Amino acid sequence: MKFVTYRLQKAIGRFFFGLYCSISYIFLLSPMVVVIGTSLNGPTENVEASFTFPPDSFSLYWYTQIPEGQIDALLLSFVLATVASLCGCLLGVPAALGLVRSNVPGKALISAIFRAPLQIPAIVTGIAFLQLFYWIGDLTGFYWQGSIIGLALGHIFIATPYVVGTVTAILQRFDTRLEEAAVIHGASPRRAFFRVTLPVIMPGVYAGALYAFMVSFSDVPVAIFLSSPGFVTYPVEIFFALENDFEPSLMASATLVIIICLLLLLLVQKVIGLDALLKVGGSRGVG
Amino acid sequence: MWVRWWILLIPPLIVGFTLVAASQFVFLRASFFEDLGLGRVGDELVIENYVQFLTDGFYLKILWVTVKTSALAALSTLILGFPVAYLIARMRSSWSMILLAGIVVSTFITIVIKVYGLIVIFSANGLFNQTMLAIGLFDKPFSVFGNETGVVIGLMHFTLGFGVLLLYSIIQTIPKSLESAAQIHGANRWRVYYRIIFPLSLPGVTAMLLMVFNMCMGAFTSAALLGGGLVFTLPVMIQRIVMMDIKYSMGATIAAVLLVSVIIINLLSIYLLRRLRAAHLVVV
């Protein structure tokens with residue numbers, strides 16, 4: 000009898016624990032599910048009814064109604080995130096290699112400089128870059144805010160630390176004896192690097208590039224200061240759309256963005272595995 | 000192997016240092032100019048703006064709201080996130096990867112889209128309010144817009160995924176065998192939580208709370224969207240004062256106050272994490 004009550008207690012405990020965890024997941028994921036679901040509503044008499052969830056009908060009507068401004072913004076965001084991700088890798092990978100492999104004095108300070116953008120709240124980065132661009136503009140006559148240069152600089156600034164972080168994490172666990180073995184067997188240091196070291200750290204580079212892309216692709220607080228009317232990133236565009244014209248077509252474009260993000264994550268996951276993605280550093284969203 | 004690795008450090012260091020130093024210098028300097036409104040500033044360095052911030056009840060109240068909502072969001076993130084992190088860390092099947100993927104996906108979607116979902120869920124005739132009214136938990140629709148509860152919910156959407164991943168790595172360092180040992184010696188589930196998991200995860204959890212608190216202090220998007228122009232936190236105020244009131248100096252001053260407070264909390268958590276890492280208690 001006692002055994003039965005113990006089993007029962009355990010089962011009840013498990014049930015409530017599972018329920019509690021499901022609530023967390025529902026909290027976390029329901030907004031995205033609702034956005035995707037709502038985007039499938041058909042055209043209705045009043046706009047209000049197009050926001051019902053679960054959707055009344057299955058229709059792709061709102062996907063045809065996405066305003067051109069949002070498509071442009073989405074393209075700009077995509078280009079910008081690609082640039083930020085590439086430049087982040089170009090700066091971040093050498094930085095990580097130099098940090099881990101060299102023994103220059105003041106390494107702690109150097110790594111603090113690389114990590115600084117993570118410590119500065121994004122909104123502060125935004126206003127700081129705006130002021131910087133005003134200052135440069137007053138000096139040279141070229142104002143960088145509202146241009147691709149300004150936006151790219153801001154996003155490279157916030158995205159690079161992620162690449163430094165992921166590549167450093169991999170390099171620290173890299174066994175340098177592998178490289179030595181290659182050299183002993185006659186490989187030049189250059190060949191050893193490109194044939195042994197680089198392939199090993201590539202998962203870190205992919206993960207860092209993904210984080211950098213996502214940071215840029217979902218950033219509002221930096222881009223809000225550096226965009227100009229007609230030259231806006233997607234998150235900023237829909238940030239303002241919320242206040243001005245909240246239309247069901249927003250749900251359609253948001254669904255496209257969710258799909259893009261999922262596909263990218265899936266791609267990286269296929270290449271390096273989710274495990275590696277998490278091991279090289281926690282993802283930290285922006286907002 | 001004899002390679003001059005330090006050469007690789009030079010280009011990124013130049014770019015990184017220039018961007019950090021130049022941007023921070025220019026904006027910190029701007030915060031010391033008197034604000035004449037409409038983008039015009041005085042030409043003498045004064046501490047007028049800081050005095051105004053510290054003596055004006057309006058700004059101090061915003062600081063208080065920021066601290067309050069951030070603290071609430073950090074605590075709620077812990078309460079909602081810890082069991083999930085524990086579940087994933089202790090799970091042996093391949094389900095743990097699927098559950099982790101769910102967390103990662105949520106951290107990758109921009110918060111603006113999540114707020115869209117929240118709008119639909121919490122609208123007066125949306126799913127949440129209809130259910131709550133039907134079972135009689137509320138007698139009038141509950142709104143998440145323009146109140147502090149909403150801001151806390153928004154901040155949690157921003158931090159929960161990150162928080163769970165952090166807690167997951169903390170819990171992974173607590174050996175399962177300790178729990179089994181306690182259970183073999185007759186401890187029930189609650190006692191295991193209370194005497195094993197709680198004390199062993201406490202240092203890591205403290206560091207996590209500080210980090211999440213910090214993220215919330217600097218969070219702009221979720222606070223701005225859910226505050227709906229009625230609840231102001233420091234980041235929301237910075238954007239408003241710069242873009243609507245066009246007071247660049249005052250905006251820079253608020254940003255400087257935010258930056259300093261965030262850095263102090265950061266140093267605290269870095270110090271704490273270093274102590275923990277030395278004691279092999281966390282692997283983050």
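If you read the sequences in order, they're chains A and B.
Here the first sequence is numbered in numbering that gives the first Met the number 0, starting from 0 and rising by one per residue.
Here the second sequence is numbered in numbering that gives the first Met the number 0, starting from 0 and rising by one per residue.
Glycine included, each C-beta is placed from N, C-alpha and C at the ideal position.
Please read these numbers as outputs of a predicted model, since none were measured by experiment.
Can you name the start and end residues of the alpha helix (DSSP H) that A:F245 belongs to? Counting from 1 along the first sequence, the entry for residue 245 of chain A is found at position 246. No alpha helix (DSSP H) contains A:F245, which DSSP labels as neither H nor E.
Around the Cβ of B:A73, are there at least 16 other Cβ atoms within 10 angstroms (buried) or fewer (exposed)? On the second sequence, position 74 is the one that residue 73 of chain B refers to. So B:A73 counts as buried.
B:S248 and B:I34 - do their beta-carbons sit closer together than 7 Å? As a first step, residue 34 of chain B is located in the second sequence; it is residue number 35 there, counting from the start. As a first step, residue 248 of chain B is located in the second sequence; it is residue number 249 there, counting from the start. Per the sequence presented here, residue 34 of chain B reads as Asp, with Ile not at that position. Yes; because the gap between Cβ atoms is below 7 Å, this pair is in contact.
In angstroms, rounded to a whole number, what distance separates the CA positions of B:G153 and B:S221? In the second sequence, the residue the question calls residue 153 of chain B occupies position 154. In the second sequence, the residue the question calls residue 221 of chain B occupies position 222. Going from the Cα of B:G153 to the Cα of B:S221 covers about 5 Å.
Examine chain B for any beta-carbon lying closer than 7 Å to the beta-carbon of A:C260, and answer yes or no. Indexing the first sequence from 1 puts residue 260 of chain A at position 261. It does; some Cβ of chain B falls within 7 Å.
Which of the three DSSP states, helix, strand or coil, is assigned to B:D55? By one-based count along the second sequence, residue 55 of chain B stands at place 56. In the structure shown, B:D55 sits in coil (DSSP, three-state: anything other than H, G, I, E or B).
For A:W134, return the contacting residues in chain B, with the cut-off set at a CB-CB distance below 8 Å. As a working mapping, residue 134 of chain A is identified with position 135 in the first sequence. Within chain B, the residues near A:W134 are V25.
Where the beta strand (DSSP E) containing A:F57 begins and where it ends: By 1-based counting over the first sequence, the position of residue 57 of chain A is 58. No beta strand (DSSP E) contains A:F57, which DSSP labels as neither H nor E.
Measuring alpha carbon to alpha carbon, tell me which residue in A:L241, A:V267 and A:I169 is nearest A:Y210. Taking the first sequence and counting its residues from 1, the one referred to as residue 210 of chain A is at position 211. Nearest option by C-alpha distance: A:V267.
Rounded straight-line distance, which links the Cα of A:F77 to that of A:D357: Any property of residue 357 of chain A remains undetermined from this structure, which presents chain A solely from 0 to 286.
Starting from B:F32, trace the beta strand (DSSP E) both ways and give me its first and last residue. Along the second sequence, one-based indexing puts residue 32 of chain B at 33. Residues F32 to D34.
What are the residues in the segment 236-261 of chain A lying within 7 Å of chain B by C-beta distance? I237, F238, L241, L249, M250, A253, V256, I257, C260 and L261
Min CB distance A:I11 to chain B below 7 Å: Translated into the one-based positions of the first sequence, residue 11 of chain A becomes position 12. No, its Cβ sits nowhere closer than 7 Å to a Cβ of chain B.
Buried or exposed: A:T175, going by 16 or more other Cβ atoms within 10 Å of its Cβ? The sequence position of residue 175 of chain A within the first sequence is 176, counting from 1. The residue in question, A:T175, is exposed, as its Cβ has fewer than 16 Cβ neighbours within 10 Å.
Cβ closer than 8 Å: which chain B residues qualify as neighbours of A:S29? Counting from one through the first sequence, the residue named residue 29 of chain A turns up at place 30. Near A:S29 (Cβ distances below 8 Å), the residues of chain B are G116 and I120.
Does A:E242 pass the burial test, meaning 16 or more other C-beta atoms within 10 Å, or should it be called exposed? Here residue 242 of chain A refers to the residue found at position 243 when the first sequence is read from its first residue. Classification of A:E242: exposed, given that the 10 Å Cβ count is below 16.
With 16 other Cβ atoms within 10 Å as the buried cut-off, status of A:E179: On the first sequence, residue 179 of chain A is found 180 positions in, with the first residue counted as 1. Exposed is the call here.
Compare the C-beta of B:K246 against all C-beta atoms of chain A and say whether one is closer than 7 Å. Taking the first residue of the second sequence as position 1, residue 246 of chain B is located at position 247. So, not an interface residue.
Give a yes or no on whether the minimum CB-CB distance between B:V282 and chain A is below 7 Å. Start at 1 with the first residue of the second sequence, and residue 282 of chain B comes out as number 283. Confidence at B:V282 is low in this model, with a pLDDT of 48, below 50, so its placement is unreliable and no value can be given for it.
Under 7 Å (Cβ pairs) to chain A, residues found in the segment 2-21 of chain B: V2, W4, W5, L7, L8, P10, P11, L12, V14, G15, F16, L18, V19 and A21
Between A:V219 and B:F219, which are expected to be in contact by the criterion C-beta below 8 Å, what is the C-beta distance as a whole number of angstroms? Here residue 219 of chain A refers to the residue found at position 220 of the first sequence. Here residue 219 of chain B refers to the residue found at position 220 of the second sequence. Right, their Cβ atoms sit about 7 Å apart.
Taking Cβ to Cβ, would you say A:I155 is nearer than 7 Å to A:C86? Numbered from 1 along the first sequence, position 156 holds the residue referred to as residue 155 of chain A. Numbered from 1 along the first sequence, position 87 holds the residue referred to as residue 86 of chain A. Yes. Within cutoff.
Count the other CB atoms within 10 Å of the CB of A:G284; is the residue buried (16 or more) or exposed (fewer)? On the first sequence, residue 284 of chain A is found 285 positions in, with the first residue counted as 1. At A:G284, the pLDDT of 45 sits below 50, so the modelled position is not reliable; the number obtained from the coordinates is stated separately. A:G284 should be labelled buried.
Starting from the beta carbon of A:P118, find every residue of chain B whose beta carbon is closer than 8 Å, and list them in chain order. Position 119 of the first sequence, counting from 1, holds the residue named residue 118 of chain A. Checking the sequence, you will find Gln at residue 118 of chain A rather than Pro. Within 8 Å Cβ-Cβ: V261, I262 and N265.
Compare the beta carbon distance of B:V83 and B:V163 with 7 Å and say whether it is the shorter of the two. Numbered from 1 along the second sequence, position 84 holds the residue referred to as residue 83 of chain B. Numbered from 1 along the second sequence, position 164 holds the residue referred to as residue 163 of chain B. Yes, the pair counts as a contact, with Cβ atoms nearer than the cut-off.
If I measure Cβ to Cβ from A:P42 and keep anything under 6 Å in the same chain, skipping five residues before and after, which residues do I get? Mapped onto the first sequence, residue 42 of chain A falls at position 43. Closer than 6 Å at Cβ, skipping near neighbours: Y60.
Note down, in chain order, every chain A residue with its Cβ under 9 Å from the Cβ of B:Q51. Position 52 of the second sequence, counted from the start, is the residue given in the question as residue 51 of chain B. Within 9 Å Cβ-Cβ: nothing; B:Q51 doesn't reach chain A, min ~17 Å.
Within chain B, the residues that A:C88 reaches when beta carbons sit closer than 8 Å: On the first sequence, position 89 is the one that residue 88 of chain A refers to. Ordered by position in chain B, no residue passes the 8 Å Cβ test against A:C88, which lies about 11 Å from the chain.
Residues bridged to B:L44 [DSSP beta-bridge criterion]: Sequence index remark: in the second sequence, residue 44 of chain B carries index 45 (1-based). Partner(s): B:F32.
Can you pull the chain B residues whose beta carbon is under 9 Å from the beta carbon of A:G97, in chain order? For the purposes of this step, residue 97 of chain A is identified with residue 98 of the first sequence, where counting begins at 1. Neighbours of A:G97 on chain B, chain order: W4, W5, I6, L7, L8, I9, P11 and L12.
Sub-7 Å separation of B:V150 and B:L225 beta-carbons: Numbered from its first residue, the second sequence carries residue 150 of chain B at position 151. Numbered from its first residue, the second sequence carries residue 225 of chain B at position 226. In contact: B:V150 and B:L225 (Cβ atoms closer than 7 Å).
B:P174, enclosing alpha helix (DSSP H) - first and last residue: Taking the first residue of the second sequence as position 1, residue 174 of chain B is located at position 175. Segment: none, B:P174 is in no alpha helix (DSSP H) and carries neither H nor E.
A:V3: buried (16+ other C-beta within 10 angstroms of its C-beta) or exposed? Reading the first sequence from its first residue, position 4 is the one you call residue 3 of chain A. Classification of A:V3: exposed, given that the 10 Å Cβ count is below 16.
Classify A:W143: buried if its beta carbon has 16 or more other beta carbons within 10 angstroms, exposed otherwise. By 1-based counting over the first sequence, the position of residue 143 of chain A is 144. Buried, because 16 or more other Cβ atoms sit within 10 Å of the Cβ of A:W143.
To the nearest whole angstrom, what separates the beta carbons of A:T232 and A:L75, a pair I think is in contact under 8 Å? The residue labelled residue 232 of chain A in the question sits at position 233 within the first sequence. The residue labelled residue 75 of chain A in the question sits at position 76 within the first sequence. Contact flag correct, Cβ pair sits at about 6 Å.
To the nearest angstrom, report how far apart B:F212 and B:A70 are at their CA atoms. Taking the second sequence and counting its residues from 1, one reaches residue 212 of chain B at position 213. Taking the second sequence and counting its residues from 1, one reaches residue 70 of chain B at position 71. Answer to the nearest angstrom: the Cα atoms are 6 Å apart.
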